[in-house]
Amino acid sequence: EQKQNISRKICLLHELFQPVHPVYAVSVRLQWGLKVMAERMIKCLPREASSPVVAQLQSHFRTTAVQEKARDDFGETVGAALDAVSALPIIPAPVRAV
């Protein structure tokens with residue numbers, strides 16, 4: 001019965017607010033749904049933000065999926081930054097080729 005009640009409330013939230021990102025029920029006191037919330041939150045963050053947020057998560061919320069997403073996003077962010085720096089006109093052409 002409680003699960004149905006929570007499902008109805010989530011549907012009502014979707015109807016009322018039409019959220020862009022998913023809405024999930026969690027219980028901090030019971031530690032219920034927090035890992036799923038952490039995974040969904042990391043998936044919704046921009047790539048520049050996921051790695052710093054994962055570093056702040058408690059270790060039991062750092063699931064394999066969360067760590068892989070943060071690692072991939074970090075690599076893409078660093079790669080984009082290096083590409084931007086190498087495109088600057090003050091960087092000599094031989095260095096840009098590397």
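The sequence shown begins at 1 in the working numbering and counts up by one.
Glycine residues also receive a C-beta, built at the ideal position from the N, C-alpha and C atoms.
Here the structure is a predicted model, which means the values were calculated and not measured.
Practice task
With DSSP as the reference, please indicate the residues paired to residue 51 in a beta bridge.
Solution key: The partner list for residue 51 (beta bridge, DSSP) is empty, contrary to what the question assumes.
Exercise for the section: Classify residue 42 as buried or exposed, calling it buried when 16 or more other Cβ atoms lie within 10 Å of its own Cβ. Expected result: buried
Problem - The alpha helix (DSSP H) enclosing residue 12, as first and last residue numbers - result: 2-17
Practice task
Mind checking who residue 27 pairs with in its DSSP beta bridge?
Solution key: 32
Exercise for the section: Compare the beta carbon distance of residue 51 and residue 70 with 7 Å and say whether it is the shorter of the two. Expected result: yes
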